[in-house]
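Scroll down for the structure; my scribbles are underneath it.
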Amino acid sequence: MQRTKIVDINKTMPKFQEEKTLIIIKPDALQRNLLGEIIGRFEKKGLKIAGLKMIQLEDILLDEHYVHHKDKPFFKSLKNFMKSSPVAVMALSGLNAVSAVRIIVGPTKGYEADAGSIRGDFSISGQANIVHASDSPKAAEAEIKRFFKTEELFDYKKVDFEFVYGEEEREN
Ligand code: CMP
380 MQRTKIVDIN KTMPKFQEEK TLIIIKPDAL QRNLLGEIIG RFEKKGLKIA
430 GLKMIQLEDI LLDEHYVHHK DKPFFKSLKN FMKSSPVAVM ALSGLNAVSA
480 VRIIVGPTKG YEADAGSIRG DFSISGQANI VHASDSPKAA EAEIKRFFKT
530 EELFDYKKVD FEFVYGEEER EN
């Protein structure tokens with residue numbers, strides 16, 4: 380899988396534009412004591428936690444969230460899995476957060492994911508794959524609205540901003 384992008388060093392770095400993405404830390408991660416490990420990976424990357432809470436998922440929310448899978452043979456078992464214990468939901472923000480998080484998470488099937496990614500390190504399953512991450516900025520916007528009320532999202536300055544981003548990226 381070719382992922383490396385060739386960077387044109389003559390171009391300036393992209394300006395910092397805050398983008399948000401949604402993560403669901405799934406029941407398998409909670410049961411396997413991986414919550415801290417997973418949150419830590421996102422924190423260490425430099426992503427800012429804009430929202431974080433535990434919830435018990437139910438049919439109404441899952442039917443909406445996984446509507447594109449509703450005709451798949453695994454839909455019922457996916458919902459049963461997602462309801463099997465509480466989950467943690469997170470809204471993360473940062474530069475190109477949606478794609479940066481998808482790289483950290485790895486592809487859907489744990490057995491196909493590279494070592495070093497969350498799924499590559501902790502999952503060998505197509506379903507029990509530790510986390511869900513939004514797949515586009517448009518999906519992220521809808522998913523954050525689905526799981527968080529406005530007052531549950533926090534906009535604050537992080538003291539490490541100056542060191543997480545370069546000068547040009549910060550001038551926005
Ligand atoms: P997620 O990124 O949350 O998006 C849909 C989820 O469906 C996926 O992660 C898996 O948990 C699950 N899933 C995808 N493909 C299959 C499959 N073939 N069988 C069972 N579950 C699946």
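If you read the sequence shown in this note's numbering, its first letter stands for residue 380, the second for the next number, and so on.
Even glycine gets a Cβ: it sits at the ideal position worked out from N, Cα and C.
Quick caveat: nothing in here was measured; it's all calculated off a predicted structure.
Any heavy atom of the ligand CMP within a distance shorter than 7 Å of the CB on residue i?
| i | result |
| --- | --- |
| Asn445 | A quick correction: the sequence has Tyr, not Asn, at residue 445. Yes, the ligand CMP has a heavy atom inside 7 Å of this Cβ. |
| Leu532 | no |
| Asn508 | yes |
| Gly505 | yes |
| Ser456 | yes |
| Thr487 | yes |
Have a look at the DSSP bridge pairing and note the partners of residue i.
| i | result |
| --- | --- |
| Ala507 | DSSP, once it has assigned bridges, lists no residue as partnering Ala507. |
| Ala521 | BP columns for Ala521 are empty, so no partner. |
| Lys399 | Ser472 |
| Ser496 | Ala494 |
| Ala512 | Ile402 |
So which of the options has the shortest CA-CA distance to residue i?
| i | options | result |
| --- | --- | --- |
| Lys488 | Gly505, Val543, Ile497 and Ala494 | Gly505 |
| Ile403 | His447, Phe460, Ser456 and Lys451 | Phe460 |
| Lys405 | Lys537, Glu546, Gly430 and Ile509 | Ile509 |
| Lys517 | Arg411, Ala476, Asp450 and Ser464 | Ala476 |
| Gly495 | Lys399, Glu550, Arg420 and Gln396 | Arg420 |
| Ile483 | Lys537, Leu474, Glu398 and Ile497 | Ile497 |
| Lys427 | Glu548, Phe540, Ile417 and Arg481 | Phe540 |
| Glu530 | Leu413, Asp438 and Ala429 | Ala429 |
| Ala507 | Glu397, Ala519, Leu440 and Ala492 | Ala492 |
| Lys537 | Ile503, Ser472, Ala519 and Ser515 | Ser472 |
| Ser502 | Ala512, Asp514 and Pro486 | Pro486 |
| Ala512 | Lys451, His448, Arg481 and Arg549 | Arg481 |
| Lys462 | Lys449, His448, Leu440 and Val543 | Leu440 |
| Lys423 | Asp514, Val543 and Phe454 | Val543 |
| Asp500 | Gln410, Glu547, Lys458 and Ile417 | Ile417 |
| Thr400 | Lys458, Arg549, Ser515 and Ser456 | Ser515 |
Indicate whether at least one CB of chain C lies closer than 8 Å to the CB of residue i.
| i | result |
| --- | --- |
| Lys458 | Judged by its chain identifiers, the structure shown contains no chain C, having just a single protein chain. |
Just to check, is the beta-carbon of residue i closer than 7 Å to a non-hydrogen atom of the ligand SAH?
| i | result |
| --- | --- |
| Phe453 | The ligand SAH is not among the ligands present in this structure, which contains only the ligand CMP. |
> Of all the beta strand (DSSP E) runs that stay within the bounds of the segment 413-483, which reach a length of 3 or more residues?
Replying inline: Assignment of beta strand (DSSP E) within the segment 413-483, counting only whole runs of 3 or more residues, yields 427-434 and 466-474 in chain order.
>> Taking 8 Å as the cut-off, does the segment 436-451 touch the segment 520-537 (at least 3 CB pairs, one atom from each stretch)?
In response: In short, these stretches touch, since the Cβ pair count reaches three.
> Per the contact definition of three or more C-beta pairs closer than 8 Å, is the segment 423-435 in contact with the segment 450-467?
Replying inline: The segment 450-467, when compared against the segment 423-435, does touch it at the 8 Å Cβ threshold.
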